[in-house]
Amino acid sequence: MKGALLIVEKEMLELRRSPALLLSMLSLPAAMVAVPVGLVAWLDHKAPPQAVYYLQELYGISAPHGLIGVLVGAVAKNWLPLFLILPIFLPILLAAQSIGGERERRTLEPLLATPVSTLEIIVGKSLAAVVPSLLITWIAAALFCGGINLLAAGRLAAPLPDGPWLFGCLVLAPLLALFGNAMAVVVSSKVLDARAAQNLAAMTVMPLLGLVVVQIAGRISLGPRFYASFALAAAAADVALIALAVRWFDREALLTRWR
Amino acid sequence: MPAILVEGISKSFAGRPAVEAVSFSVEAGEVFGLLGPNGAGKTTTLRMLAGLFAPDAGRAVVAGCGIEPRRDAGPALRRKVGLLTEHPGFYDRLDAGENLIHFGRLYGLGRAAARERAGRLLDRFLLAPHAHKPFAALSRGMKQKLAIARALLHEPDVIFLDEPTVGLDPEATREVRAVVSELRREGRTIVLCTHDLDEVERLCSRAAFIATRLLAVHPVAASEARRARIDLEAPCAAAGPALRRFGTVREEGLRLQVELADGASIADLVSALVGAGARVAAALPVRDPLEDAYLMLLADARSRGLLS
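First to last, the protein sequences are chains B and F. Positions 1 to 259 (our numbering) are the ones given, in order, by the first sequence. Positions 1 to 308 (our numbering) are the ones given, in order, by the second sequence.
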């Protein structure tokens, strides 16, 4: 797997030198942290008492610690599924760009002419997409939890991250990052345009977004059972997609299609 | 044992034959041309021989590594061959030196060895002053020379060059041809894939004409001595008869065209003419027109439905 590590090293060097890509990778996590923290800070000062009662009733939050407890409870509950878009979306952004970029720069043939195996290329590209995405997700999660805890200083019974957030970051995020990456590899091996591959692969976040909207509307409540099932489904999808990616990322098909 | 031995390799894509039962051999140290129009299967042949994908049928041996139908030739073959792809294909955000080092390491060189060889090749191809420029900032000729340098990084036994001068301006074309000539002088085994007849005449000793199938293998260098043109300063009745023992002679005023018999040389002609009292103004080898042979073979291929 030495070839895979060399590919990771090169991808990281390229990423460091791509300000536009870095900016687009960091803007979504920045928004994912700034929006809820800002919202909690503003509501903590400005929300009328009836809004607090409404939130308590809508999401079934028991908050013995007053307004901040209700706000943090509502945000933590609703923001987690939205936050899980990050580990899906970021690898899609990186992997589709990296694989599509090989086609656009016509570097694929020289790469395939080296002794590096196709599997090493897939592993290298995948690590280069999954690892930075996960790091950014975890840093964003730490900033989110830290920001909320700071706002609520001493007024929360249990600071964030709570159980679902820990499960989301440590179990779901890696599984979803693998899913997003494998989806990008699969789509990129069939679609010739990097942007089209990004857009198509990014469509996979839509069901998650739908769930978020339904939960915010108070129609469902995503609890531990949902997250456990979601993790199992994501793991199964990972296995299937990785098998498909290895099968479709075929030397001959890539060389004859990607001209 | 030739450096490359190809026996009846075939390849189809989606049921359409790209290469059909092509056979030829290339001796070690030979520069061998693969000639044919666009879509004739030259690049497909090259890719099979460079281990990028397997043939559907037939077999080949390249630098001692076997190529079998429907089986990946594996990293062993790819380590022994260097491939110049039709497009240089480097990473834009890496500079010229970083690109070479990266590919050197992918070919299995350690970091220090890759750096040392990249530096040596950059020097050799006069690219050292541009080593820290981003790849995108290099001229087309420089990019192509960098790609040739990449094909040599791991010191391969066989080098495949796919259209090395296509799309280059005359200056860059000359630079790239000079590099190939230098490699030829070093005794490297090179397969040059092109549709440029002039390039084949300048660089190759033999050329295979391909139009899906192998049409012919034509000696290029050997053909140079098969005809000669002699210009006399003044008419000489004895000149024609004096040359007849060296081949077929056609007299056109002061010009004599000689189809040389086996073993005869231009020096023999000049010496016979001087002996016969003729005053020789010029004696030049006339190459067998590769272009004529090429066009004839293409016309034949079209009539057989091998080309559209």
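Ideal Cβ placement from N, Cα and C applies to all residues, glycine included.
Item, Value
"Terminal residues of the beta strand (DSSP E) in which Pro17 (chain F) lies", "16 to 26"
"Proximal residues, the segment 114 to 138 of chain F versus chain B, C-beta separation under 8 Å", "none"
"Residues of its chain near Ala261 (chain B), where Cβ-Cβ distance is below 6 Å and the 5 sequence neighbours each way are ignored", "In the structure as shown, chain B starts at 1 and stops at 259, and residue 261 (chain B) therefore has no counterpart that could be examined."
"Amino acids of chain B, ordered along the chain, whose beta-carbon sits closer than 8 Å to that of Thr85 (chain F)", "Arg106, Glu109, Pro110, Ala113"
"Inter-residue spacing [alpha-carbon to alpha-carbon] between His218 (chain F) and Phe209 (chain F)", "8 Å"
"Supposed contact pair Arg79 (chain F) and Pro115 (chain B) - C-beta distance, whole angstroms, cut 8 Å", "5 Å"
"Ser18 (chain B): contacting residues in chain F (beta-carbon distance under 9 Å)", "Arg93"
"Complete beta strand (DSSP E) runs within the segment 99 to 165 of chain F (minimum length 3 residues, chain order)", "158 to 162"
"First through last residue of the alpha helix (DSSP H) which encompasses Asp300 (chain F)", "290 to 303"
"The segment 135 to 148 of chain B touching the segment 19 to 30 of chain B, judged by at least three CB pairs closer than 8 Å", "yes"
"Boundaries (first-last residue) of the beta strand (DSSP E) holding Pro285 (chain F)", "280 to 286"
"Near-chain F residues of the segment 226 to 251 of chain B - C-beta to any C-beta below 8 Å", "Arg251"
"Beta-carbon proximity check, Gly247 (chain F) vs Leu260 (chain F), cutoff 7 Å", "yes"
"Own chain partners of Ala141 (chain B) with C-beta closer than 6 Å, once the 5 adjacent residues on each side are dropped", "Cys169"
"Proximity winner among F:Arg177, F:Ser205, F:Ser271, F:Leu197, relative to Thr189 (chain F) (alpha-carbon distances)", "F:Ser205"
"Exposure label - Trp42 (chain B); buried when at least 16 CB within 10 Å", "exposed"
"Contact check, Gly89 (chain F) vs Pro110 (chain B), beta carbons under 7 Å", "yes"
"Endpoints, alpha helix (DSSP H) assigned at Cys169 (chain B)", "Where Cys169 (chain B) is concerned, there is no enclosing alpha helix (DSSP H), given that its DSSP letter is neither H nor E."
"Residues of its chain near Ala76 (chain B), where Cβ-Cβ distance is below 7 Å and the 5 sequence neighbours each way are ignored", "Leu160, Asp162, Trp165"
"Simplified DSSP state of Ser188 (chain B), which is helix, strand or coil", "helix"
"Endpoints, beta strand (DSSP E) assigned at Val205 (chain B)", "Neither: Val205 (chain B) is in no beta strand (DSSP E) and is coded neither H nor E."
"Cutoff 8 Å; reference Leu172 (chain B); Cβ partners in own chain excluding five residues on either side", "Leu84, Pro87, Tyr227, Phe230, Ala231, Ala234"
"Short-range partners of chain B found in the segment 98 to 109 of chain F, where Cβ spacing is below 8 Å", "Glu98, His102, Phe103, Arg105, Leu106, Tyr107, Gly108"
"Short Cβ contact (7 Å threshold) for Leu203 (chain F) with Val166 (chain F)", "no"
"Residue burial classification, Ile220 (chain B) (beta-carbon count within 10 angstroms, cutoff 16)", "exposed"
"Neighbour flag for Phe13 (chain F) against chain B, beta carbons, 7 Å", "yes"
"Where the beta strand (DSSP E) through Pro219 (chain F) begins and ends", "213 to 219"
"Those residues which DSSP pairs with Gln257 (chain F) across a bridge", "F:Arg229, F:Arg250"
"Interface flag, Ala50 (chain F) vs chain B, CB-CB below 7 Å", "yes"
"Proximity test, Cβ basis, 7 Å: Arg16 (chain F) and chain B", "no"
"The segment 51 to 66 of chain F in contact with the segment 226 to 233 of chain F per 3-pair CB rule at 8 Å", "no"
"Closer than 8 Å at the beta carbon, the chain B residues around Phe209 (chain F)", "Neighbours of Phe209 (chain F) on chain B: none; closest Cβ ~23 Å, over 8 Å."
"Contact under 7 Å by Cβ, Ala118 (chain F) with Gly141 (chain F)", "no"
"Nonlocal neighbours in the same chain, by C-beta distance under 6 Å from Gly124 (chain B), ignoring five residues either side", "Ala4, Ile7, Val8"
"Counterpart residues of Glu120 (chain B) in DSSP-defined beta bridges", "None; Glu120 (chain B) has no bridge partner."
"For Cys145 (chain B), three-class secondary structure by DSSP", "helix"
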